[in-house]
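Asks:
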Amino acid sequence: MLASLPPPPSKQLPITRNQSSLESSSSSLRPHPKLYQPRLQRTKPVIWCFAGLCLLFSLLLIFFGIVILIFYLAIKPRNPTFDIPNATLNVVYFDSPQYLNGDFILLANFSNPNKRIGVKFESLDIELFFSNRLISNKTVNPFLQKPKETRLQTVNLISKLVFLPQDVGVKMQRQVESNKVSYYVRGTFKVRFKIGLIHLSYWLNSICEMEMTGPPAGVLVSRQCITTRR
């Protein structure tokens, strides 16, 4: 019988020093599973407090906005009005062909149409024009008006040596001779409202076109006034 031969030796490649060092370094670079688990970041209490305050402030703004809107719609504030129910043209004469002197008196009517709101008139300025030329102006003292109150104010507008171009002066002289003089008055007013704790202020412009008879006893024949908000 043949003797059993030993199995051939397995061929194993020798492990070099470089390979062993690489394996050891790679094993050392592998992260430990317990050391690199993701951590859950907790929100700081200060951030939650700030977010809550912002939310509360937003809700308060919405609440007060709705209250103010309801209050505004319930009251329905209206703009004051300006009118000229009467006027008198006393004097119109020229020192020379281009320098005007005049005396014009108007009765201004300020009305507050609101039923529950008082109004304050400030910075009242009334100007008199002829043919788009300013010939006189007057400032009226501030005053208060109660709800549904009307105030009549006499305003004396004096023109003294006011320069007018020749064509404008000739136009005025012809209108005086024809007993039909056209003026217009512009009023500029700042008004203030107080609605509870809310204060409102804005400007009003009033334009009144007037037709007068000639001096010395010129009277108001017709007028048309419009008040608008700036």
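Numbering (UniProt numbering), first residue to last: 1 to 230.
Backbone N, C-alpha and C fix where the C-beta goes; we use that ideal spot for every residue, glycine too.
Can you tell me whether A108 is buried or exposed? The criterion is at least 16 other CB atoms within 10 Å of its CB, across all chains shown.
Replies: Position 108 of the sequence shown, counting from 1, holds the residue named residue 108. When all chains shown are included, A108 counts as buried.
Asks: Check whether the Cβ atoms of T81 and D125 sit closer than 9 Å, and answer yes or no.
Replies: For the purposes of this step, residue 81 is taken as residue 81 along the sequence shown, with counting starting at 1. For the purposes of this step, residue 125 is taken as residue 125 along the sequence shown, with counting starting at 1. Cβ distance not < 9 Å, so T81 and D125 don't count as in contact.
Asks: Is I62 buried or exposed, if buried means 16 or more other CB atoms sit within 10 Å of its CB?
Replies: Numbered from its first residue, the sequence shown carries residue 62 at position 62. Exposed.
Asks: In chain order, what residues of the same chain have a beta carbon less than 6 Å from the beta carbon of T228, not counting five sequence neighbours either side?
Replies: Taking the first residue of the sequence shown as 1, we reach residue 228 at position 228. Around T228: N205.
Asks: Buried or exposed: where does I47 fall if 16 or more other Cβ atoms within 10 Å of its Cβ makes it buried?
Replies: By one-based count along the sequence shown, residue 47 stands at place 47. The residue in question, I47, is exposed, as its Cβ has fewer than 16 Cβ neighbours within 10 Å.
Asks: Pull up the distance between the alpha-carbon of P77 and that of I117, whole angstroms please.
Replies: Along the sequence shown, one-based indexing puts residue 77 at 77. Along the sequence shown, one-based indexing puts residue 117 at 117. Rounded to the nearest angstrom, the two C-alpha atoms are 7 Å apart.
Asks: Alpha carbon to alpha carbon, how far is Y99 from K160?
Replies: On the sequence shown, residue 99 is found 99 positions in, with the first residue counted as 1. On the sequence shown, residue 160 is found 160 positions in, with the first residue counted as 1. Approximately 8 Å between the Cα atoms of the pair.
Asks: Per DSSP, which one or two residues make a beta bridge with F129?
Replies: Position 129 of the sequence shown, counted from the first residue, corresponds to residue 129. L134 and Y184.
Asks: Based on Cα-Cα distance, which residue from C49, N101 and I84 lies nearest to V91?
Replies: Locating residue 91 in the sequence shown gives position 91, counting from the first residue. Measuring from the Cα of V91, the nearest candidate turns out to be N101.
Asks: Can you tell me the Cα-Cα spacing of F163 and V181, whole angstroms?
Replies: Within the sequence shown, residue 163 is the residue found at index 163, counting from 1. Within the sequence shown, residue 181 is the residue found at index 181, counting from 1. Spanning the two alpha carbons is a distance of roughly 18 Å.
Asks: With H, G and I counted as helix, E and B as strand and the rest as coil, what does DSSP make of K160?
Replies: Translated into the one-based positions of the sequence shown, residue 160 becomes position 160. In the structure shown, K160 sits in a strand (DSSP, three-state: E or B).
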